[in-house]
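Here is the structure we will look at.
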Amino acid sequence: MKIAVCASEVVPFAKTGGLADVAGALPVELEALGHEVVIIMPRYKAIQEPKFKIQKLKEGVSYSVTGKKIKVYFIENEAYFNRDGLYGDKAGDYKDNLDRFSCYSNGALDLLKEINFKADIIHCHDWQSALVLIYLKTHKRDDPFYRDTRTVFTIHNIGYQGLFPKDEFPKLGIGWEYFNMEKLEFYDKINLLKGGMVFSDIINTVSPTYAKEIQTKEFGYGLEGVLGKRKRDVFGILNGLDYSIWNPETDKFIAKNFSLKNIEGKNVDKADLQKICGLPVDAKIPLFGVVSRLAEQKGFDILAEAIEKICRMKLQLVILGTGDMKYHTLLGDIAKKYPKVVSLHLKFDDTLAHKIYAGSDIFLMPSKYEPCGLGQLISMSYGTIPLVFKTGGLADTVTTHDGFVFDKYKSADLIKTLEKAVKAFKDQNEWLKLMRKAMQNNFSWKESAKDYISLYEKAKSKSR
Ligand code: ADP
26 MKIAVCASEV VPFAKTGGLA DVAGALPVEL EALGHEVVII MPRYKAIQEP KFKIQKLKEG
86 VSYSVTGKKI KVYFIENEAY FNRDGLYGDK AGDYKDNLDR FSCYSNGALD LLKEINFKAD
146 IIHCHDWQSA LVLIYLKTHK RDDPFYRDTR TVFTIHNIGY QGLFPKDEFP KLGIGWEYFN
206 MEKLEFYDKI NLLKGGMVFS DIINTVSPTY AKEIQTKEFG YGLEGVLGKR KRDVFGILNG
266 LDYSIWNPET DKFIAKNFSL KNIEGKNVDK ADLQKICGLP VDAKIPLFGV VSRLAEQKGF
326 DILAEAIEKI CRMKLQLVIL GTGDMKYHTL LGDIAKKYPK VVSLHLKFDD TLAHKIYAGS
386 DIFLMPSKYE PCGLGQLISM SYGTIPLVFK TGGLADTVTT HDGFVFDKYK SADLIKTLEK
446 AVKAFKDQNE WLKLMRKAMQ NNFSWKESAK DYISLYEKAK SKSR
């Protein structure tokens, strides 16, 4: 199959979140399965390192290579993309994001034609590349070049929709007949994510449970009705984990490597983590780790309610994250009050993240909603037992056989589940079994890539 991936961020070139991991890893697996893949993304200011070996294709387009020989094309535009941020800066979202991603989307479609890449599938991700799907079914509809091309649209988080004022609509170059409730309009605004949902052949999200959840009022952020109308075309495929990065056997950041067969090394990592975090070095006390954006989505509202009680339990808690100022302040106060219990790190720190995944006993991830989630997958591969709320990808990947799961989103239930974990930790033989069970999981991209191929086949069978 010929597959064109359109994404606004792709590892290793640019990343703000999980979308970049998917857009970077999936094409490599698809190529390994024998498919022909190209990737198209904007050329941000940061994409200039010599290691990327970027070459010029023509005015406004350059390229690099990933995987074996996947071309990654960069749509260039000095005014729109040569900036520090991908979507915004400290002041918020860039005001001209509609112009920026319209430029990118038109550029991507024109490029496919110029390089004569007649894609069987164009696979778009999130609102930033939704205009590719919209243009294909509007002003490019009658272009014979795209006649046999079908589309897949992946939603990574339905909370981010790409909303713009109505008066910017003429910039899209499509008629006002597309600005209505059935198409791009959302409460008198332009909604690009909605447009992507309406105009794609197949829609998917990053876990089966989240695919169901977003069709409900509670999780749909107002788009549940749009998805409901297309429910036969909505699917969920779990993200994979990049085991070349997240593997306790080969991890260069941790004090001692370990594996399923040689699990004792993890004790060294725990002691190392306690030491660098200024916590008492004690193998017997359960050590909870958090690596997360500090946001309500990640469960910090109930964690904040529960934190005093948690700090009075017999445990230690290491938190690494940045995000909402209110949680910076609240956790800062708690860390000061309980210095022997809580070690707080308000920053983005990849090395420390690896050490927390490896050195903790339990990984705390009580997300209110979670499209897929990476933290729980990483922690399991390091034998660190996840404690999660039963939602989205967490519900699909963590069970009571390899983790701790609560199913009512209340601080009291969070506390109860922590108590359960603390108690379970006392029986070291049982705990070892739990660790082994968690480490035996395999969330590799290989399986997910095969599922995507099935989805592409479904899209291909759609009539135009
Ligand atoms: P998100 O919704 O933020 O994308 P995921 O669980 O899918 O959540 O992925 C988050 C990724 O970012 C994980 O790999 C996690 O380890 C990493 N991460 C989050 N916060 C930090 C931080 N402060 N420092 C280092 N890595 C972090």
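Residues in the sequence shown are numbered from 26 upward in steps of one, following the working numbering. C-beta: ideal position from N, C-alpha, C; glycine also.
Contacting residues, own chain, Cβ-Cβ under 6 Å from residue i (five flanking each side not counted)
| i | result |
| --- | --- |
| PHE38 | ILE72 |
| GLU330 | SER436 |
| ASP258 | ILE227 and ILE228 |
| GLN240 | GLU249, LEU252 and GLY253 |
| PRO67 | ILE100, PHE106 and TYR129 |
Integer-rounded CB distance, given that residue j should sit under 8 Å from residue i
| i | j | result |
| --- | --- | --- |
| GLY428 | PRO396 | 18 Å between Cβ atoms; not a contact. |
| THR176 | ALA474 | 18 Å between Cβ atoms; not a contact. |
| VAL430 | GLN401 | With 8 Å as the limit, VAL430 and GLN401 do not qualify as a contact, their Cβ atoms being about 10 Å apart. |
| SER89 | LYS78 | 6 Å |
| SER100 | GLY132 | The residue asked about is misnamed: residue 100 is Ile in this sequence, not Ser. That belief holds up - the Cβ atoms of ILE100 and GLY132 are roughly 4 Å apart, short of 8 Å. |
| TYR246 | GLN186 | 7 Å |
| ARG108 | LEU285 | Not quite, the Cβ-Cβ distance comes to about 45 Å (not below 8 Å), so this is no contact. |
| MET26 | ILE146 | 6 Å |
| ASN229 | GLY261 | 6 Å |
| GLY398 | ALA463 | Going by Cβ atoms, the distance from GLY398 to ALA463 rounds to 15 Å, so no, they are not a contact pair. |
| VAL315 | LEU389 | 5 Å |
| PHE142 | VAL63 | 6 Å |
| LEU377 | LEU345 | 5 Å |
For residue i: DSSP bridge partner residues
| i | result |
| --- | --- |
| SER368 | VAL343 |
| ARG318 | THR347 |
| PRO67 | ILE100 |
| LEU58 | Paired residue(s): none; LEU58 is not in a bridge. |
| ASN229 | THR179 and PHE260 |
| CYS149 | CYS31 and PHE178 |
| ILE410 | ILE387 |
| GLU210 | ILE215 |
| PRO190 | LYS214 |
| PHE313 | LEU342 and ILE387 |
Reference residue i; option with closest CA among the options
| i | options | result |
| --- | --- | --- |
| ALA45 | ILE227, SER33 and ASP226 | SER33 |
| GLY265 | ASN287, LYS295, VAL231 and VAL259 | VAL231 |
| PHE278 | LYS70, VAL259, THR174 and ALA383 | ALA383 |
| ASP173 | ALA144, MET66 and TYR185 | ALA144 |
| MET206 | THR241, LYS254, LYS94 and ALA449 | LYS254 |
| TYR203 | TYR171, LYS445, LEU156 and GLU139 | LEU156 |
| LYS445 | LYS291, MET338 and LYS362 | MET338 |
| LEU263 | VAL35, ILE478 and PHE468 | PHE468 |
| LEU319 | LEU304, LEU371 and ILE335 | LEU371 |
| LEU457 | PRO52, PRO391 and ILE288 | ILE288 |
| LYS291 | LYS196, LYS208 and ILE381 | ILE381 |
| ASN466 | TYR481, GLU321, SER317 and ILE403 | ILE403 |
| ASP121 | PHE106, LEU134, ASP135 and LYS115 | PHE106 |
| LYS494 | VAL86, THR91 and THR179 | Outside the shown range of the chain, which is 26 to 489, sits residue 494, and nothing can be said about it. |
| LYS40 | LEU51, GLY110 and ASN141 | GLY110 |
| LYS441 | GLU482, GLN453, ILE359 and ILE332 | ILE332 |
| ASP192 | ASP375, HIS164, GLY324 and ASP124 | ASP124 |
| LYS214 | PHE224, TRP201 and SER225 | TRP201 |
| LEU369 | GLY324, PHE313, TRP152 and PRO411 | PHE313 |
Own chain, CB closer than 7 Å to residue i, minus 5 neighbours either side, in chain order
| i | result |
| --- | --- |
| TYR434 | ILE327, LYS393 and PHE414 |
| ALA280 | VAL293, ASP294 and ASP297 |
| PHE373 | THR347 |
| LYS93 | GLU56 |
| GLU54 | TRP470, LYS471 and ALA474 |
| TYR112 | ASP118, TYR119 and ASN122 |
| MET350 | none |
beta-carbon residue i near the ligand FAD non-hydrogen atom, thresh 6 Å
| i | result |
| --- | --- |
| ASP421 | What this structure holds is the ligand ADP, not the ligand FAD. |
Close Cβ partners of residue i (< 8 Å) along its chain, the five nearest in sequence each way excluded
| i | result |
| --- | --- |
| ASP432 | PHE414, LYS415 and ASP438 |
| VAL306 | ALA296, GLN299 and LYS300 |
| LEU58 | ALA474, LYS475 and ILE478 |
| PRO311 | LYS339, LEU340, GLN341, ASP386, ILE387, ALA446, VAL447 and PHE450 |
| ASN282 | PRO273, GLU274, THR275, ASP276 and GLY290 |
| GLU84 | none |
| GLU455 | ALA449 |
Counting only runs that start and end within the stretch 245-309, where is the beta strand (DSSP E) found for 3 or more residues in a row? Entirely contained in the stretch 245-309, the beta strand (DSSP E) runs reaching 3 residues are, in chain order, 259-261.
Length-filtered (4 minimum) alpha helix (DSSP H) runs lying within the stretch 70-126: 103-106
Pick out the complete beta strand (DSSP E) segments inside the stretch 354-400, 3 residues or longer, and give them in chain order. 367-370 and 387-390
Continuous beta strand (DSSP E) assignments of at least 3 residues falling wholly in the stretch 416-443: Within the stretch 416-443, the complete beta strand (DSSP E) runs of at least 3 residues fall at 429-431.
If we require 3 or more residues per run, which beta strand (DSSP E) segments fall completely within the stretch 439-476? none
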